[in-house]
Amino acid sequence: MTNGEHIREEDLLLLALGALPDDEATNLLAHAKSCAECAAKLAEERGHAATLAFAAKQEIPAATVKVELLARIHAEREKEEHYKWPLKKDEVRQIPSPKKDGTSMNEGKLNWLQWVLIPVAAVFLIATALMWKSNRELKAELAKANHDLIDIQNQRQRTEMIVDVLSAPDTVSVRMAGSGESAKSIGSANYNARRGVLLYTAVLPPLPQDKVYQMWLVPTTGSPISAGVFSPGPHGNRELWTATIPLNTQAKAFAVTIEPAGGVPQPTGPKVLLGAS
Ligand SMILES: [Zn+2]
């Protein structure tokens, strides 16, 4: 109790810091509610306390610090009171004993200092998380850019190769034609034996899912050589397919057959295009 007196100077800062025992703080705050003078002083001390909180390094004090401090304050006060009044037994102040779990903060209520520090800590945590995230995104973007660059380089190399082969004087151009059911189908093969490159294109009807077209180079001697499988684009788009053939293979003819999906080592299905070299 304040016994009608104003809040002591030394209690004001402790009260502002939330460092007084709950019952004592409650009494003093009740007084400050009805006393404009003490309320003003308390507000001022809260300002000082805030300044201290930001100036001081954020360290958690040892659990014993507050207890020792309060013990000293109460000892001083009892000495004063001893001289002021005859000491009554029921007025002997109890020195608070340390909490069993060793915490020094008032439990069950967060003091204003914690309300300041928790948001500050949260802001740092969020900032760290954002930096980590943007770093990860940058790495992913860089990886994608590298990947795109490789794609562009591959595309350019392929284009250069195609132009080289098509413009080489020793490249032969062979027209392929269909017969019977595939009479309307056409194709063309551009073959450079020296470079071992075959470029071909064809206009053919779409096939069922389990079938593919397979391109063959028929050499002057030996069995047909596969030049890969292909399927026409969704709208019958003409594509240019490329194949690598063993160097200096002399071609007699070029043919396209219908084969099971994945292709076969030697032609088995119906021949839909044929062109003699
Ligand atoms: Zn007062």
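Just remember that the working numbering sits 4 ahead of the position in the sequence shown, which is counted from 1. Each residue gets a CB set at the ideal place from its N, CA and C atoms; glycine is no exception.
Per DSSP, the bridge partner or partners of residue i
{"i": "residue 279", "result": "258"}
For residue i, three-class secondary structure by DSSP
{"i": "residue 249", "result": "coil"}
{"i": "residue 264", "result": "strand"}
{"i": "residue 39", "result": "coil"}
{"i": "residue 243", "result": "coil"}
{"i": "residue 12", "result": "coil"}
{"i": "residue 118", "result": "helix"}
{"i": "residue 271", "result": "coil"}
{"i": "residue 132", "result": "helix"}
{"i": "residue 17", "result": "helix"}
{"i": "residue 225", "result": "coil"}
{"i": "residue 237", "result": "coil"}
{"i": "residue 91", "result": "Interpretation of residue 91 is limited by its pLDDT of 47, a score under 50 that renders its predicted location unreliable; no figure is taken from the coordinates."}
{"i": "residue 71", "result": "helix"}
Start-to-end residues for the beta strand (DSSP E) that takes in residue i
{"i": "residue 231", "result": "229-234"}
Opening and closing residue of the alpha helix (DSSP H) in which residue i lies
{"i": "residue 23", "result": "No alpha helix (DSSP H) holds residue 23; DSSP gives it neither H nor E."}
Beta-carbon separation (whole angstroms), residue i vs residue j, contact threshold 8 Å
{"i": "residue 257", "j": "residue 278", "result": "7 Å"}
{"i": "residue 276", "j": "residue 208", "result": "6 Å"}
{"i": "residue 235", "j": "residue 217", "result": "7 Å"}
{"i": "residue 20", "j": "residue 53", "result": "4 Å"}
{"i": "residue 255", "j": "residue 222", "result": "7 Å"}
{"i": "residue 195", "j": "residue 176", "result": "5 Å"}
{"i": "residue 34", "j": "residue 46", "result": "The Cβ separation is near 12 Å, so there is no contact."}
{"i": "residue 187", "j": "residue 204", "result": "The Cβ separation is near 19 Å, so there is no contact."}
{"i": "residue 77", "j": "residue 9", "result": "Not confirmed; about 16 Å, so no contact."}
{"i": "residue 247", "j": "residue 202", "result": "4 Å"}
{"i": "residue 271", "j": "residue 220", "result": "6 Å"}
{"i": "residue 17", "j": "residue 49", "result": "5 Å"}
{"i": "residue 206", "j": "residue 169", "result": "With a Cβ gap of about 17 Å, residue 206 and residue 169 do not count as contacting."}
CB contact below 8 Å: residue i versus chain B
{"i": "residue 232", "result": "This model lacks chain B altogether, as it is built from one protein chain only."}
**Message:** List, from N- to C-terminal side, the beta strand (DSSP E) runs of 3 residues or more that fit wholly inside the segment 138-222.
**Reply:** With a minimum length of 3 residues, the continuous beta strand (DSSP E) runs that stay inside the segment 138-222 are 176-181, 190-196 and 201-207.
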